[in-house]
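Q: Pasting in a structure now, in structure tokens, and then I'll have a few things to ask.
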């Protein structure tokens with residue numbers, strides 16, 4: 001019996017999923033970058049901090065590298081996550097590339113506009129835009145939730161962590 005004699009579903013059942021190796025590659029790149037950044041990070045004003053600024057990038061980077069190794073070993077063994085019973089996703093359905101493209105464009109716009117407009121405006125617009133792209137038709141509610149989350153995160157970083165986010169055109173108001 002050759003592979004041509006097998007039914008279509010049996011011949012495709014053992015094909016390796018190469019997309020998972022893309023995840024391994026991303027984990028290695030991100031983990032390696034974080035480890036390198038953590039090792040070369042200048043401690044600066046944080047010399048009195050017992051943990052220091054190097055700790056978290058190193059921990060997250062090493063964790064990403066360990067997960068990449070575990071995934072790289074699990075992929076050839078055929079380890080594949082089981083679909084949850086509540087999922088109603090058709091794995092054979094084509095991807096929604098329009099939504100992906102719009103979200104990427106929105107993210108790039110946020111990167112370009114965060115300094116001139118400020119964190120609060122761009123993140124509020126980003127939340128409202130992403131919610132709308134993903135199917136929410138409550139436009140006013142999207143904007144209100146976006147503004148609340150943007151202000152909360154702005155003041156959490158500024159007051160709680162002492163990290164100033166760009167205020168943009170709202171400088172002096174916030």
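Residue numbers (full-length UniProt numbering): 1 to 174. For each residue, glycine too, the CB sits at the ideal point set by N, CA and C.
#1: Please classify residue 149: does DSSP put it in a helix, a strand, or coil?
#2: Using the Cα positions of residue 113 and residue 60, report the straight-line distance between them to the nearest angstrom.
#3: How would you write the range of the alpha helix (DSSP H) that residue 98 sits in, first residue to last?
#4: Going straight from the alpha carbon of residue 163 to that of residue 53, what length do you get?
#5: Would you kindly work out how many angstroms separate the C-alpha atoms of residue 118 and residue 42, rounded to a whole number?
#6: Which first and last residues belong to the alpha helix (DSSP H) in which residue 195 is found?
#7: Terminal residues of the continuous alpha helix (DSSP H) containing residue 173?
#8: Which class does residue 21 belong to by DSSP, given the choice of helix, strand or coil?
#9: If you check the beta carbons only, do residue 123 and residue 153 fall under 8 Å apart?
#10: Quick one: residues in its chain with C-beta nearer than 8 Å to the C-beta of residue 133, no 5 flanking neighbours on either side, listed in chain order?
A: Based on what the coordinates show:
#1: DSSP places residue 149 in helix when its eight states are reduced to three.
#2: 28 Å
#3: Note, residue 98: alpha helix (DSSP H), 97–117.
#4: 13 Å
#5: 27 Å
#6: Given a span of 1 to 174 for the chain in the structure shown, any question on residue 195 remains unanswerable.
#7: Counting along the chain, no alpha helix (DSSP H) covers residue 173, and no H or E run does either.
#8: helix
#9: Their beta carbons are under 8 Å apart, which means residue 123 touches residue 153 by this criterion.
#10: 99, 102, 103 and 106
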